[in-house]
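Chains A and B supply the protein sequences, listed in that same order. The opening residue of the first sequence carries number 1 in the working numbering; numbering runs sequentially from there. The opening residue of the second sequence carries number 114 in the working numbering; numbering runs sequentially from there.
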Amino acid sequence: AQSVTQLGSHVSVSEGALVLLRCNYSSSVPPYLFWYVQYPNQGLQLLLKYTTGATLVKGINGFEAEFKKSETSFHLTKPSAHMSDAAEYFCAVSVSGANNLFFGTGTRLTVIP
Amino acid sequence: KAGVTQTPRYLIKTRGQQVTLSCSPISGHRSVSWYQQTPGQGLQFLFEYFSETQRNKGNFPGRFSGRQFSNSRSEMNVSTLELGDSALYLCASSPDSLNTEAFFGQGTRLTVV
Chain A
1 AQSVTQLGSH
11 VSVSEGALVL
21 LRCNYSSSVP
31 PYLFWYVQYP
41 NQGLQLLLKY
51 TTGATLVKGI
61 NGFEAEFKKS
71 ETSFHLTKPS
81 AHMSDAAEYF
91 CAVSVSGANN
101 LFFGTGTRLT
111 VIP
Chain B
114 KAGVTQTPRY
124 LIKTRGQQVT
134 LSCSPISGHR
144 SVSWYQQTPG
154 QGLQFLFEYF
164 SETQRNKGNF
174 PGRFSGRQFS
184 NSRSEMNVST
194 LELGDSALYL
204 CASSPDSLNT
214 EAFFGQGTRL
224 TVV
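Have a look at this one:
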């Protein structure tokens, strides 16, 4: 069975500050891990993904995430928040590819000017 | 290349009615997945179709069904609508069934009154 826990349903950061969104997963087999972003009344946009190989994954818009198997974590970071980063972020896990995703409950990021 | 297109974008239906939502995947993509997004339950996987066959199914009642046509376009149907079916329904497409990236449409917002 798979599960995803996103700690913090709401996170606020100041513009220019570090963004850290937490994601822990549970999976009985090596998982695929994803971060998606959703803007109001929009679909989901893939930020980055981990499948195999390098554990530090770089994505779009300056985001990156590190797969830590020992901690079963896949936290999302960005060194400097921008106003345009305000959105909802979803961590997702799958054991069979991107066609069958199990999502966390999401973290709404607010960026304070 | 055009993205994933979902129609209609907004829909209002009455309890007890049925509804059909449509999804046109990115050209060349053969896998289509459907998700339901609600404030209470978050993002939940409904089902996945690949080459006109349902390959995976989430934990939803039989009132929720889908199909995929030979051109990879997909429809999902909800019969005997309930108030709790009000949600954003998202469609995602991938080139094949074990792909590691899914592209989402903007969704269909269904309101049941």
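Ideal Cβ placement from N, Cα and C applies to all residues, glycine included.
In this structure, valine 95 of chain A lies away from glutamine 6 of chain A, with their beta-carbon atoms at least 8 angstroms apart.
Within 10 angstroms of the beta-carbon of glutamate 195 of chain B lie fewer than 16 other beta-carbons, which makes it exposed.
A distance of 8 angstroms or more separates the beta carbons of leucine 201 of chain B and glycine 218 of chain B. Beyond the five residues adjoining it in sequence on each side, serine 185 of chain B comes within less than 7 angstroms, by CB distance, of Pro138, His142, Arg143 and Val145 in the same chain, given in chain order. 8 angstroms or more divides the Cβ of asparagine 172 of chain B from the Cβ of asparagine 100 of chain A. Its Cα nearest to that of leucine 124 of chain B, the residue B/Ser135 stands out among B/Ser135, B/Ala115, B/Gly179 and B/Gly116. Between phenylalanine 158 of chain B and chain A, the shortest Cβ-Cβ separation is below 8 angstroms.
Excluding five sequence positions before and after glutamine 45 of chain A, the CB atoms of its chain that fall closer than 7 angstroms to its own CB belong to Tyr36 and Val37, given in chain order. Looking at the DSSP output, threonine 224 of chain B bridges to B/Ile125.
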